[in-house]
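Enquirer: Those protein sequences? They're chains A and B, same order as listed.
Under my numbering, the letters of the first sequence match residues 252 to 562, in that order.
Under my numbering, the letters of the second sequence match residues 252 to 562, in that order.
Heads up, the beta-carbon is just placed ideally off N, CA and C, and yes, glycines get one too.
This is the structure I have questions about; it appears just below.
2 protein chains.
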Amino acid sequence: MTAHLFERVALIGLGLIGSSLSHAMRRAGLARSIVGHAQSEKTRDTALRLGLVASVYASAAEAVEQADLVILCTPIGAYAPIARSMAPALKTGAIVTDVGSVKGSVAREVGPCIPAGVHFIPGHPIAGTEHSGPHAGFAELFDGRWCILTPSNAADPVAVARLKAFWLALGSHVEIMDAEHHDLVLAITSHVPHLIAYNIVNTARHLERVTDSEVIKFSAGGFRDFTRIAASDPIMWRDVFLNNKEAVLEMLGRFTEDLTALQRAIRFGEGATLHQLFIEARATRRSIIEAGQDTAAPDFGRHAGGKPSGT
Amino acid sequence: MTAHLFERVALIGLGLIGSSLSHAMRRAGLARSIVGHAQSEKTRDTALRLGLVASVYASAAEAVEQADLVILCTPIGAYAPIARSMAPALKTGAIVTDVGSVKGSVAREVGPCIPAGVHFIPGHPIAGTEHSGPHAGFAELFDGRWCILTPSNAADPVAVARLKAFWLALGSHVEIMDAEHHDLVLAITSHVPHLIAYNIVNTARHLERVTDSEVIKFSAGGFRDFTRIAASDPIMWRDVFLNNKEAVLEMLGRFTEDLTALQRAIRFGEGATLHQLFIEARATRRSIIEAGQDTAAPDFGRHAGGKPSGT
Chain A
252 MTAHLFERVA LIGLGLIGSS LSHAMRRAGL ARSIVGHAQS EKTRDTALRL
302 GLVASVYASA AEAVEQADLV ILCTPIGAYA PIARSMAPAL KTGAIVTDVG
352 SVKGSVAREV GPCIPAGVHF IPGHPIAGTE HSGPHAGFAE LFDGRWCILT
402 PSNAADPVAV ARLKAFWLAL GSHVEIMDAE HHDLVLAITS HVPHLIAYNI
452 VNTARHLERV TDSEVIKFSA GGFRDFTRIA ASDPIMWRDV FLNNKEAVLE
502 MLGRFTEDLT ALQRAIRFGE GATLHQLFIE ARATRRSIIE AGQDTAAPDF
552 GRHAGGKPSG T
Chain B
252 MTAHLFERVA LIGLGLIGSS LSHAMRRAGL ARSIVGHAQS EKTRDTALRL
302 GLVASVYASA AEAVEQADLV ILCTPIGAYA PIARSMAPAL KTGAIVTDVG
352 SVKGSVAREV GPCIPAGVHF IPGHPIAGTE HSGPHAGFAE LFDGRWCILT
402 PSNAADPVAV ARLKAFWLAL GSHVEIMDAE HHDLVLAITS HVPHLIAYNI
452 VNTARHLERV TDSEVIKFSA GGFRDFTRIA ASDPIMWRDV FLNNKEAVLE
502 MLGRFTEDLT ALQRAIRFGE GATLHQLFIE ARATRRSIIE AGQDTAAPDF
552 GRHAGGKPSG T
């Protein structure tokens, strides 16, 4: 018999990540009991019906009572009021963590709300899909993906080790770094890609000489790959851009500078420059596949025309 | 017994598209015999060994002899010399088509090489994967995808109808439009997305404060989707940008203008603007799935951590 890593885990927010955490914790037997909070009654009902939580509460404060692990899984814009309301109910010795895509602002806004004797260790699993809500979760979401923890210098090493063990048991790899560096890395690996994807979908929708119907029919030429990530939760992403402004603007500046150089190479017909650049991009793709962060199946293993592919 | 649509089809170029055409033609029984030409001896040997062609030739002129359908499947930069060399060997009444991603330049450069009595009808199947070469092909590549034909006003309607029937039998939908409009539509649905994908991979590789290893480890946050299309054949894509310069620069200008507005919204913390834009992007994604041009499976049905997902 394995001892549970935590007695009572409170999931604050029951969308894609919260529901996946429930599936993955139950798969690994990590918690004696899982409880939850969601703002909407519909989500609370769904979470109970799907068996994601043993009990569900309309208030975050009730949900965190007696919990030894509290995980914030709402869009990060909702963190500060939730943290303030749940703070008095937190158990001494509990760990509070989160799954938000920005870490600097979370440390600044949530950190001061957490009472002495409670361990606050921000975290971010680099995993997700374009779907949202309590139905979207699945146990394998974190398998083989990286989770970044950004404890402050003052954090208790034992609590950090315990949270790290939790993520390892969920199937993830774990890396520890400071919040500022996290926000810079994620700006280029996640936030700017999402922004660009949203932007090109927007550009395509507002052309006078190309119809929306044409964009959709002929999207298999590359455009559709961008729309997947542009279908992610709008509130979550609004909050990411509002909370990681500096790093996103810095990386966007680099991106635009490089794009301008590439535009110039096209204008002047510099074939050798383009060719060299395109060859280098392939190497990055190969590294991602070797690192287990993507599949080598053609087209992500999409089935051509809705039927299984022959490869 | 179905009559073959063509007696002898010559595939000029035996990479991803040429090999997929062979698989798809054989699946549908469209040709009595399929022959081919490839510049490299290794590709010719592979094509024979895989059974892609009954005969393979080192010269395009030999390959097209007696063929009633000739399909150019090389990068478009190679078209003009090939067209000039094969022109004297083309059979009267034959159809010459291609699969290139740009159509205006093809009409201008290949058209004049084709002798009177031979039908030249440019084409472009909107289908592909990030893999290249004769091993990469599969019969289902064109299923449910669109193929655009761009015949000139002077084209023989009977020949156009025959080529349309060919693509329908391969599993595609067919649309007919003029070459200039094709190049504009593809600039936004394919060429600019590829350019942006190449560009962000390049930007990420040259950051001082984020390592290549970090970019790769944390790529599951969005970046990896861009690297798939950035792994496509570098010569093919160099030729696309050199041959569709005007439309690409026009669409890139629109993209950059929109990105600058979005950058400004982030700088000034305009949450409502961002939120509205992100909501609209979702609708485009839904339309693409409803149109059968992508899968609704989370994450394109990628298997989390290399294992089958539970959903």
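1) For glutamate 531/A, I'd like the list of residues in its chain whose CB is within less than 7 Å of its CB, leaving aside the five on either flank, ordered along the chain.
2) Hey, could you find the ends of the alpha helix (DSSP H) histidine 445/B is sitting in?
3) When you compare only the Cα positions, how much space is there between arginine 536/A and glutamate 426/A?
4) Grab me the residues of aspartate 545/A's own chain with a C-beta within less than 6 Å of its C-beta, minus the 5 sequence neighbours each way, in chain order.
5) What are the residues that DSSP puts in a beta bridge with arginine 259/B?
6) Less than 8 Å between the beta carbons of threonine 401/A and proline 376/A, yes or no?
7) Beta strand (DSSP E) containing threonine 348/A: first to last residue?
8) Assuming phenylalanine 393/B and glycine 422/B are in contact, meaning their beta carbons sit under 8 Å apart, how far apart are those beta carbons, in whole angstroms?
9) Considering only their Cβ atoms, is the gap separating aspartate 296/B from leucine 323/B smaller than 8 Å?
10) Does the beta carbon of alanine 485/A sit closer than 8 Å to a beta carbon anywhere in chain B?
11) What is the rounded straight-line gap between the Cα of glycine 384/A and the Cα of isoleucine 268/A?
12) With 8 Å as the threshold, decide whether the Cβ of leucine 493/B is near any Cβ in chain A.
13) Between threonine 297/A and chain B, is any beta-carbon pair separated by less than 8 Å?
14) Take glutamate 360/B as the anchor and find which of Ala516/B, Ile327/B, Asp509/B has the nearest alpha-carbon.
15) Phenylalanine 371/A bridges to which residues according to DSSP?
16) Quick one: any contact between the segment 299 to 315 of chain A and the segment 334 to 343 of chain A, if contact means 3 or more CB pairs under 8 Å?
17) Measuring alpha carbon to alpha carbon, tell me which residue in Leu503/B, Gly388/B, Ala448/B is nearest alanine 275/B.
18) Taking the beta carbon of histidine 457/B as the centre, do at least 16 other beta carbons fall within 10 Å, making it buried, or is it exposed?
19) Hey, glycine 472/B and threonine 440/A are a contact pair by Cβ (cut 8 Å); roughly how many whole angstroms apart?
20) Give a yes or no on whether the C-beta atoms belonging to leucine 262/A and serine 273/A are separated by under 8 Å.
21) Within its chain, find whatever has a CB closer than 8 Å to the CB of tyrosine 449/A; leave out the 5 residues flanking it on each side and keep chain order.
22) Check each residue of the segment 508 to 524 of chain A: if its Cβ is closer than 7 Å to any Cβ of chain B, include it; give the result in chain order.
23) Measuring CB to CB, does histidine 433/A end up less than 8 Å from isoleucine 399/A?
24) Chain A beta carbons: is any one of them nearer than 8 Å to that of glutamate 531/B?
25) Establish whether the CB of isoleucine 447/A and some CB of chain B are separated by less than 8 Å.
26) Which word fits arginine 396/B, buried or exposed, when buried means at least 16 other C-beta atoms lie within 10 angstroms of its C-beta?
27) List the residues of chain A that serine 545/B touches, going by C-beta distances under 8 Å, in chain order.
28) Taking the beta strand (DSSP E) that isoleucine 322/A falls in, what are its first and last residues?
29) Under the rule that 16 or more other beta-carbon atoms within 10 Å means buried, what is aspartate 407/A, buried or exposed?
30) By DSSP, does proline 376/A sit in helix, in strand, or in coil?
31) Which residues does DSSP pair with isoleucine 399/B in a beta bridge?
32) In chain B, what lies closer than 8 Å to arginine 413/A by C-beta?
33) So, is phenylalanine 419/A buried or exposed, given that buried needs 16 or more other C-beta atoms within 10 angstroms?
34) To the nearest angstrom, how far is the alpha carbon of isoleucine 365/B from that of threonine 507/A?
35) I want to see whether chain A comes within less than 8 Å of glutamate 292/B, judged by CB atoms only; does it?
36) Consider the Cβ of threonine 325/A: report whether some Cβ of chain B lies at a distance smaller than 8 Å.
Expert: Let me spell this out:
1) Taking the first sequence and counting its residues from 1, the one referred to as residue 531/A is at position 280. Around glutamate 531/A: no qualifying Cβ.
2) Counted from its first residue, the second sequence places residue 445/B at position 194. Run containing histidine 445/B: 443 to 456, per the alpha helix (DSSP H) assignment.
3) As a working note, residue 536/A is residue 285 in the first sequence. As a working note, residue 426/A is residue 175 in the first sequence. Distance between the alpha carbons of arginine 536/A and glutamate 426/A is about 22 Å.
4) Along the first sequence, read from residue 1 onward, the residue named residue 545/A stands at position 294. Shown here for aspartate 545/A: same chain residues with a beta carbon closer than 6 Å to its own, the five before and five after excluded, namely Ile539 in chain order.
5) Along the second sequence, read from residue 1 onward, the residue named residue 259/B stands at position 8. DSSP lists Ser284/B as partners of arginine 259/B.
6) Position 150 of the first sequence, counted from the first residue, corresponds to residue 401/A. Position 125 of the first sequence, counted from the first residue, corresponds to residue 376/A. No, they are not a contact pair.
7) Walking along the first sequence from the start, residue 348/A turns up at place 97. Start and end: 346 to 349.
8) For the purposes of this step, residue 393/B is taken as residue 142 along the second sequence, with counting starting at 1. For the purposes of this step, residue 422/B is taken as residue 171 along the second sequence, with counting starting at 1. Indeed, because the Cβ distance is near 5 Å, the residues count as touching under 8 Å.
9) Within the second sequence, residue 323/B is the residue found at index 72, counting from 1. Within the second sequence, residue 296/B is the residue found at index 45, counting from 1. In this structure, aspartate 296/B does not lie closer than 8 Å to leucine 323/B by Cβ.
10) Locating residue 485/A in the first sequence gives position 234, where the first residue counts as 1. In the sequence as displayed, the identity of residue 485/A is proline instead of alanine. So yes, proline 485/A belongs to the interface.
11) Position 133 of the first sequence holds residue 384/A. Position 17 of the first sequence holds residue 268/A. If you take the alpha carbons of glycine 384/A and isoleucine 268/A, they lie about 8 Å apart.
12) For this step, residue 493/B is matched to residue 242 along the second sequence. Closer than 8 Å: yes.
13) Position 46 of the first sequence, counted from the start, is the residue given in the question as residue 297/A. Cβ-Cβ to chain B under 8 Å: no for threonine 297/A.
14) The residue you call residue 360/B lines up with position 109 of the second sequence. For the residues Ala516/B, Ile327/B, Asp509/B, the minimum Cα distance to glutamate 360/B belongs to Ile327/B.
15) Against the first sequence, residue 371/A aligns to sequence position 120. Answer is Val347/A, bridged to phenylalanine 371/A.
16) yes
17) For this step, residue 275/B is matched to residue 24 along the second sequence. Selected option, being the one with the closest Cα: Gly388/B.
18) By 1-based counting over the second sequence, the position of residue 457/B is 206. Result: exposed.
19) To locate residue 472/B, count along the second sequence from 1; it is residue 221. To locate residue 440/A, count along the first sequence from 1; it is residue 189. That pair is a contact at about 5 Å.
20) Locating residue 262/A in the first sequence gives position 11, counting from the first residue. Locating residue 273/A in the first sequence gives position 22, counting from the first residue. Against a cut-off of 8 Å, the Cβ pair of serine 273/A and leucine 262/A comes out as a contact.
21) Sequence index remark: in the first sequence, residue 449/A carries index 198 (1-based). If we look at tyrosine 449/A and ignore the five residues flanking it on each side, its Cβ neighbours are Ala481, Trp488.
22) Asp509, Leu510, Leu513, Gln514, Ile517, Arg518, Gly520, Gly522
23) What you label residue 433/A is simply residue 182 of the first sequence in a count that begins at 1. What you label residue 399/A is simply residue 148 of the first sequence in a count that begins at 1. Their beta carbons are under 8 Å apart, which means histidine 433/A touches isoleucine 399/A by this criterion.
24) By 1-based counting over the second sequence, the position of residue 531/B is 280. Yes, because at least one Cβ of chain A sits closer than 8 Å to the Cβ of glutamate 531/B.
25) As a working mapping, residue 447/A is identified with position 196 in the first sequence. Yes, contact with chain B.
26) Here residue 396/B refers to the residue found at position 145 of the second sequence. By the neighbour-count rule (16 or more Cβ atoms within 10 Å), arginine 396/B is buried.
27) Taking the first residue of the second sequence as 1, we reach residue 545/B at position 294. With the sequence shown as reference, residue 545/B is identified as aspartate, and serine is not the correct amino acid for it. Here the neighbours are Ser470, Ala471, Arg475, Thr478, Arg479, Arg553.
28) Position 71 of the first sequence holds residue 322/A. From DSSP, the beta strand (DSSP E) with isoleucine 322/A extends over 320 to 323.
29) Within the first sequence, the letter at position 156 stands for residue 407/A. Under this definition aspartate 407/A is an exposed residue.
30) As a first step, residue 376/A must be located in the first sequence, where it is residue number 125. Strand at proline 376/A.
31) For the purposes of this step, residue 399/B is taken as the residue at position 148 of the second sequence. DSSP output for isoleucine 399/B lists His375/B, Glu426/B as bridge partner(s).
32) Position 162 of the first sequence holds residue 413/A. Under the 8 Å cutoff, chain B gives no residues; its nearest Cβ is about 23 Å from arginine 413/A.
33) As a working mapping, residue 419/A is identified with position 168 in the first sequence. Note that residue 419/A is leucine in the sequence shown here, rather than phenylalanine. The residue is exposed, with fewer than 16 neighbouring Cβ atoms inside 10 Å.
34) Here residue 365/B corresponds to residue number 114 of the second sequence, with the count starting at 1. Here residue 507/A corresponds to residue number 256 of the first sequence, with the count starting at 1. Here the C-alpha atom of isoleucine 365/B lies approximately 42 Å from the C-alpha atom of threonine 507/A.
35) As a working mapping, residue 292/B is identified with position 41 in the second sequence. Output row for glutamate 292/B: interface = no.
36) The residue you call residue 325/A lines up with position 74 of the first sequence. Chain B, which has no Cβ nearer than 8 Å to the Cβ of threonine 325/A, makes this no.
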